[in-house]
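Note that our numbering has the sequence shown beginning at 23, numbered continuously upward. We put the CB at the ideal spot given by N, CA and C, even for glycine.
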Amino acid sequence: MTKFNPPINKPLDRDYFKKKDNPKYNKKGPQLTECCDQDIDYDCMNVNDLEDWELIEDYIERHLIEYSSTKSITPVSCVECGRFLEYVSTIYDGRQKYGKTSL
């Protein structure tokens with residue numbers, strides 16, 4: 023019977039489990055996509071996936087209804103791989119005057 027040596031008092035991160043599943047796994051520096059410099063391990067939304075796109079649309083619609091100061095919202099994604107990166111909001115200018123006051 024072989025002796026089991028658990029990693030006592032050591033943090034278990036993604037690399038530990040990847041190496042456990044694949045003993046030949048060897049991480050060489052940060053694992054980033056070439057097109058948008060995002061972590062490969064990060065499971066994010068993709069605009070090419072129909073379910074993810076519906077979530078993005080629902081969020082934008084809900085945000086536009088709740089916040090009247092928002093003019094438009096642009097979902098920014100990677101052109102090559104389709105990873106969703108961020109929302110960019112355009113808001114109305116708050117310096118408008120809606121009436122004159124006389125002193």
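- The beta carbons of I82 and I95 sit closer together than 8 Å.
- Judged by DSSP in its simplified three-state form, Y81 adopts helix.
- Restricting attention to alpha helix (DSSP H) runs no shorter than 4 residues, the region 57-101 encloses them at 72-88, ordered along the chain.
- Excluding five sequence positions before and after Y114, the CB atoms of its chain that fall closer than 6 Å to its own CB belong to S91 and K93, given in chain order.
- Comparing alpha carbon positions, the residue from E102, G104 and V98 closest to S111 is V98.
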